[in-house]
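A.B. asks:
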Amino acid sequence: QVQLVESGGGLVQPGGSLRLSCAASGSISSIVNMGWYRQAPGKQREFAAQISGGGSTNYADSVKGRFSISRDNAKNTLYLQMNSLKPEDTAVYYCFVSGVRVYWGQGTQVTVSS
């Protein structure tokens, strides 16, 4: 079992920045890939970013160039630096880890509004 706890969400103005964190605990040796999905009101959950165990990254076109994903393996923590935020980035952000199976965090709300 892997437990994930997200933090760092909140309210930010358009053009602002936020950094999300996702702390993993439990059977962390089984973790290979880590990443973020997001779900806007009334929409399906969609992929945002992913980082592999080797450090390779992949981003959705909608966030490419604005978001940066990273991981600190010593702290078992995943990060998502979000810059130049837009109102359409408003969503609940969920971190996930995958290995033998996929685990999800509880989600953290990000609201971009003036």
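Numbering (my numbering), first residue to last: 1 to 114.
Heads up, the beta-carbon is just placed ideally off N, CA and C, and yes, glycines get one too.
Note down the Cα distance separating Gly26 from Val102, rounded to an integer number of angstroms.
C.D. replies: If you take the alpha carbons of Gly26 and Val102, they lie about 13 Å apart.
A.B. asks: Using the rule of at least 16 other Cβ atoms within 10 Å of the residue's Cβ for burial, across every protein chain shown, is Leu11 buried or exposed?
C.D. replies: With fewer than 16 other Cβ atoms within 10 Å, it is exposed.
A.B. asks: Need the endpoints of the beta strand (DSSP E) that Thr90 sits in, please.
C.D. replies: Counting along the chain, Thr90 falls outside any beta strand (DSSP E), and DSSP gives it neither H nor E.
A.B. asks: Would you decide whether Val110 is buried or exposed? Buried here means 16 or more other CB atoms lie within 10 Å of its CB.
C.D. replies: That one is buried.
A.B. asks: Ile160: buried (16+ other C-beta within 10 angstroms of its C-beta) or exposed?
C.D. replies: The first residue shown for the chain is 1 and the last is 114, placing residue 160 beyond what the model contains.
A.B. asks: Give me the residue from Lys75, Tyr94, Gly42, Val100 with the minimum Cα distance to Thr108.
C.D. replies: Checking every option, the nearest Cα to that of Thr108 belongs to Tyr94.
A.B. asks: With a threshold of 8 Å on Cβ separation, who are the neighbours of Gly105 within its own chain once the five nearest residues in sequence on each side are excluded?
C.D. replies: Only Leu4, Val5, Glu6, Cys22, Tyr94, Cys95, Phe96 meet the Cβ criterion.
A.B. asks: Just list the residues that DSSP pairs Asp72 with in beta bridges.
C.D. replies: Thr77, per the DSSP bridge assignment.
A.B. asks: Give the straight-line distance between the Cα atoms of Ala40 and Val92, rounded to the nearest whole angstrom.
C.D. replies: About 6 Å.
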